[in-house]
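Residue numbers (this note's numbering): 37 to 287.
Idealized CB from N, CA, C, for every residue including glycine.
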């Protein structure tokens, strides 16, 4: 089993679509939106490792992607973990604005500093969880995503690129820039552990070691699926749709 930890606002949905195009039914998704999950994983309680293992066996999954990676590490200790991480401040701002736009209640009037206080440390938690489970962890930077896809295509014999999805509007970019321009020392201190992980990853990726770790797990990915897959047709269709959008800048 290979696990993909999806941190919000790190191109995780686009990455999942790219992976599914390459492996077809061998990818199973488990998210809060149960109707979007693989049929074998359409249940709310993922705390039972035996249940997760039975669902994986039923589905034939070789890769599982989820926001909640901890339960899957308990079900599959030692399974390699992939995760894309992004500059933590920019990711947090993007998540904050997304939730404000999506939710007119809890987040609409919440100050950014208050949001950061309650947001937790997702990168730090992932590193600790992977180490605790004895799992190899391959982090790759959102800021080097095209290089990561090239590495996967080479290492696993896959094809394709990431779709341009969830693109920021001019208004959203302006809001993000405004928040970025007045970040408080408290926010910087709260995100310092995440920033340290990210900075070390960028240095190790550009220097080679992190890219080598990524390639080692890429070579363990299942080969490109040769059968018919509706997800592959959907990938091709959506690619054309996203390419036709007037504003194609990445958000």
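{"Query": "Scan the stretch 155-229 and note each continuous beta strand (DSSP E) run of 3 residues or more that stays entirely inside, going in chain order.", "Result": "173-177"}
{"Query": "Among 208, 185, 192, 191, which has the Cα closest to the Cα of residue 198?", "Result": "185"}
{"Query": "Closer than 8 Å by C-beta to residue 196: which residues in its own chain qualify, once you throw out the five before and the five after it? Chain order, please.", "Result": "54, 57, 58, 185, 189, 271"}
{"Query": "Out of 51, 162, 81, point me to the one whose CA is closest to residue 109's CA.", "Result": "162"}
{"Query": "From this set, 116, 80, 94, which residue's C-alpha is nearest residue 255's C-alpha?", "Result": "116"}
{"Query": "Applying the 10 Å Cβ sphere with the 16-neighbour rule, what's the burial state of residue 259?", "Result": "exposed"}
{"Query": "What do you reckon, are the CB atoms on residue 121 and residue 165 nearer than 8 Å?", "Result": "no"}
{"Query": "Quick one: Cα of residue 67 to Cα of residue 107, how far?", "Result": "12 Å"}
{"Query": "Below 8 Å between beta carbons: does that hold for residue 151 and residue 132?", "Result": "yes"}
{"Query": "Nearest by alpha-carbon distance to residue 241: which of 208, 174, 210 is it?", "Result": "174"}
{"Query": "How far does the alpha helix (DSSP H) with residue 50 in it reach, from first residue to last?", "Result": "48-59"}
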